[in-house]
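Residue numbers (the numbering used here), protein chains in the order written: chain E, 1 to 550; chain L, 551 to 920. Quick reminder that beta carbons are idealized off the backbone N, C-alpha and C, glycines included.
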Amino acid sequence: MATKKKFEVWTVVSLVILALFILFMVYPMFGLLKQAVVTDDGAFTFQQFKEFFSKNYYSQTIVNSLEVTITVTLVALVLGIPFAYFYSFYHLKGSKVLFVVSILCCMSAPFIGAYSWIMLLGRGGVITTFVKNTFGITLGSIYGFKGILLVQSLKFFPLVFIYMNGAFKNIDNTLMEASANMGCTGVRRLFTIVMALSMPTILAAAMMVFMQAFADFGTPGLLGESFQTFPVLIYNQYLGETGQNHHFAAALAVIAIVVTAIVFFLQKWATSKFKFSMNALHPVEKKKPKGLAGVLMYVYCYGLVAVSFMPQLYIIYLSFRKNTGYTFQPGFSLGNYELAIKRLLGRSIKNTAIMGVVALAIIIVIAVLIAYLVVRRSNVLNNGIDTIAMLPYIMPGAVIGLALLLAFGKKPLALTGTLTIMIIAMVIRRLPYTIRSATATLMQISLSIEEASISLGASKLKTFAKVTVPMMANGILSGAILSWVTIVTELSSSIILYNNRNITLTMSTYVAISRGSYGLACAFAAILTVVTIVSLVIYLAVSKSEDVQL
Amino acid sequence: MSVEIVIKHALKKYGENVIIPDLSLDIRPGEFFTLLGPSGCGKTTLLRMIAGFNSIEGGDFYFGEKRINDLDPAKRNIGMVFQNYAIFPHMTVRKNVEFGLKNKKLPKDQIASRTDQFMKLMQISEYADRMPERLSGGQQQRVALARALCIEPDVLLMDEPLSNLDAKLRVEMRTVIKNIQHDVGITCVYVTHDQEEAMAVSDRIAVMSGGVIQHVGTPKSIYQRPANIFVATFIGRTNVLKGSVTVEGGKATLNVCGYSAPLPTVAPEYMKSQDVTISVRPEELLLNRNADMPGIKAVVKDAVFLGLNTHYFVKLSTGEDAEIIQESSIEDTLAPGAEISLGVNTDKVNVFVADGSANILTGVCNDLKA
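As structure tokens, this is what we get:
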């Protein structure tokens, strides 16, 4: 039986997925690479790369990006690890609130935080004006490095928290007791046992923050001004009002992938130094916070969450304020929302819904199929597919947007400006995460359950549909809602792909912000925030657990 | 409805790694047949080849007249019970049991009646609408059995079905399994590494080691006349001693540790003087408290009183260690250091050629095909 290769329906599935990947991922990436090294006349050249590295104006952006991203990563770790430690090891009152709000912070649209902070600390911001009028002190500018650092740190520390919470929960209480038994407690135990055991997770969280912060377009786009980061440069080179150069933009995209790939492999290498797995039979028992330390814990946790989330609430508040075009007036009105309705609100919502639902459906189907192929039909072809599917993990959103635009901007497959190209971009961006969680879910399912089904006379396809998929459903569903939120709030590739026809809620918000129509922007941002909050509440109700898989 | 399973020259390899070199076996219709051996001996591999979940690299497998080598596992009409039960966790007990019947596209009323019949047989009717996570291990086991049996399979395959249960339940369930198999009359292949379990349920047992069947026979013949020293040591406990057989005037004598006794049961083809390996089970050594009586001289090292029996651990005069089981007597248990003399029950003892590869006595029943 093994000697004769039997024709199997799964082989067809493999080939179809491979074909789709080649068309929508490999081909655009090659197009990008070609654009970077081949001139319009068809000559091969490294001119674009020379240009980048020889001109300080350009090469400085990568220094800026790395500088701010690495700082953000460190700050997020420093903020997030104590937060997670207090949360996991102590009974804090209202811990559910802390959990939900911090998830809301990191899942909200990337630039809304930046915008809220501009409204608070910007040149005409409420706090800036208040401090200046009351104390006569002029606060420093929020624009540039400091602003990006502030906004991104507050947005990404919850990522660290979610990762670390998972790791801390897997630390068995007996390990803590054994350590105490051998005379190691308190801070020393925290570092020699707890932190050391969590090292793989710390590295994973650090990379997640790095990747997201590095690829973030919205925050530096709004706050950067003269402090230009890499994704902003790519965008400006491709679509900016001054000096478009597609070849140069493509070269920049290639450089961006190289940077993220290096970080990815560095992290893999570092993680391989900490190879152990844990599964707690007796999770650590939470203690009651006591004394001054207890008070400080509360102040720290609630303070951090408040500082991160308040600005978003402030935006919602502002959206109900009277507004005459560019300035807020005393009193409340729904004028901003009325204006939003005139400015494509309906179309934005409809597009967002269609894009989200269709992309999600495609992502789930492909992810489940790939997980099955990789776990149950492991072979060279299927492992190759898995590797290709993971590529977008290291590709910043702007790069994916650019590659798709170059590949499908002309006939025979002219998709520019359609919802289809948006959906493709979302599928590509989100697929690696869903595949990971689907694969992990499937690995937990014992093979003998499928064999039982087959021995009871069910065909392989029927077994897959009736037994395997329903057993994976729970894990996939909760992952899907998170994917939905990230799709709805996606900016960095949509900003390259959008136009008036396929505009989404995120894009409408960003356009309003960048045009300086504050009231309108606040209305859109408020709607987007509410959609995010509602989705996450549904997610938390469905998943019923704190194991958020990002 | 019970069928015969015939395996001819089965070959299994993973890459270049041969697991089962050349295995032939007949399993009789309606028989409870057990594959017994240490872990890694290939018993589960063989079972999964019969089930169709492992590829077959060579040889032929038949259910009755039908060659099944290339038959899809779903079409072999087998019932299978897995080590972890493999109950579908997202279906109720009833849905689990009727799953196979639905795949056979039986009419609805027939599905319902047959499901009820087998749930009743396995005494799980009251849990019909429960989800599996709310069942105990023993109850899940019953569901797995009902699910496997209700499709009326040609053969029932069981892969260490009791190993996840606690000791008491294991004894209870093996009786259930044996009785059900007997009532239904289905050919059954059972895999286990627990020899007591194998003895309790089986009509015949195949003892495997290194992908090769060592001995096929009834529990009694395997225990009392093992085909080689591996079977003797794997089934039950035994003391392995070195000795010799001398033949004079057509009569054989067994010599072990300076003790000699007539050995009337040597098979004709082995009737010659030779060095031998002797397997003496602990209960086949007869303890004599008077050290001056003829026998193997020994010194007690330790004694363990277990109620019904007392176990003695002794050092023989040759320096070899041995274990003795004696029915507990009302006298004092022998203290360590006590000198004793041991007789050998030559009716029961087994004698092998020096390398242990064959039993030289008469009465060995090995159904293994050459």
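- Between E/Ile148 and E/Val75, the CB-CB gap reaches or exceeds 7 Å.
- Straight through space, the alpha carbons of L/Met758 and L/Gly587 are spaced by roughly 5 Å.
- Nearest to E/Met471 by C-alpha distance, out of E/Leu318, E/Glu450, E/Ile487 and E/Gly457, is E/Glu450.
- According to DSSP, L/Ala560 shares a beta bridge with L/Leu573.
- Close partners of L/Ala624 in chain E (Cβ separation under 7 Å): Ile454, Gly457, Ala458 and Ser459.
- Straight across, the Cα-Cα distance linking E/Ile162 with E/Ser226 is about 34 Å.
- E/Ile364 is outside the set of residues whose beta carbon lies under 7 Å from a beta carbon in chain L.
- Going by DSSP, L/Met630 is part of the beta strand (DSSP E) stretching over Ile628 to Val631.
- Cβ-Cβ distances below 7 Å link L/Ile674 to Val643, Gln689, Arg692, Val693 and Ala696 in the same chain, with the five nearest sequence neighbours on each side left out; the list follows chain order.
- Here the segment 300 to 307 of chain E makes no contact with the segment 480 to 495 of chain E; the two share fewer than three CB pairs at distances below 8 Å.
- Assignment of E/Pro283 by DSSP, reduced to helix, strand and coil, places it in the strand class.
- The beta carbon of L/His640 sits closer than 7 Å to some beta carbon of chain E.
- The beta carbon of L/Lys654 sits closer than 7 Å to some beta carbon of chain E.
- Sorting E/Asn502, E/Tyr87, E/Gly221 and E/Lys466 by C-alpha distance to the C-alpha of E/Gly294 places E/Tyr87 at the top.
- Judged by DSSP in its simplified three-state form, L/Glu889 adopts strand.
- Taken in chain order, the members of the segment 439 to 451 of chain E whose beta-carbon sits within less than 7 Å of a beta-carbon on chain L are Ser446, Ser448, Ile449 and Glu451.
- Pairing E/Lys342 with E/Ser333 gives a Cβ-Cβ distance that is not under 7 Å.
- Within its own chain, the residues whose Cβ lies closer than 7 Å to the Cβ of L/Val797, once the five positions on either side in sequence are excluded, are Met821, Lys822 and Ser823, listed in chain order.
- With a minimum length of 4 residues, the unbroken runs of alpha helix (DSSP H) contained wholly in the segment 342 to 390 of chain E fall at 345 to 376 and 380 to 390.
- Put simply, of E/Phe30, E/Gln152 and E/Gly166 the residue whose alpha carbon is nearest the alpha carbon of E/Ile81 is E/Gly166.
- Using a Cβ-Cβ cut-off of 7 Å, E/Val467 is close to Phe638 of chain L, given in chain order.
- With 16 or more other Cβ atoms from the protein chains shown falling within 10 Å of its own Cβ, E/Trp117 counts as buried.
- Note: L/His640 is not bridge-paired with any residue in the DSSP secondary-structure output.
- L/Asp852 has L/Phe863 as its beta-bridge partners, per DSSP.
- Within the segment 380 to 397 of chain E, no residue has a Cβ lying closer than 9 Å to any Cβ of chain L.
- In the three-state DSSP reduction, L/Pro776 falls in the coil class, being neither helix nor strand.
- Taking 7 Å as the cut-off, the Cβ atoms of L/Asn859 and L/Ile875 count as close.
- Here the alpha carbons of E/Ile400 and E/Phe408 stand approximately 12 Å from one another.
- Against E/Met471, the close residues of chain L are Pro639 and His640, in the order they occur along the chain (beta-carbon pairs closer than 7 Å).
- The beta-carbon of L/Phe613 is placed no less than 7 Å from the nearest beta-carbon of chain E.
- Distances from the alpha-carbon of L/Pro579 to those of L/Val705, L/Gln633, L/Met843 and L/Asn604 put L/Val705 closest.
- For L/Gln673, there is no enclosing alpha helix (DSSP H), as DSSP gives it neither H nor E.
- The CB of L/Ile701 comes closer than 8 Å to the CB of Leu456 and Gly457 in chain E, given here in chain order.
- Residue ranges of uninterrupted alpha helix (DSSP H) with 4 or more members, entirely inside the segment 390 to 454 of chain E and ordered along the chain, are 397 to 407 and 419 to 444.
- For L/Gly650, the residues of chain E that pass the 7 Å Cβ criterion are Leu456 and Gly457, in the order they occur in the chain.
- Relative to the Cα of E/Ala215, the nearest Cα in the group E/Phe230, E/Leu360 and E/Ala196 belongs to E/Phe230.
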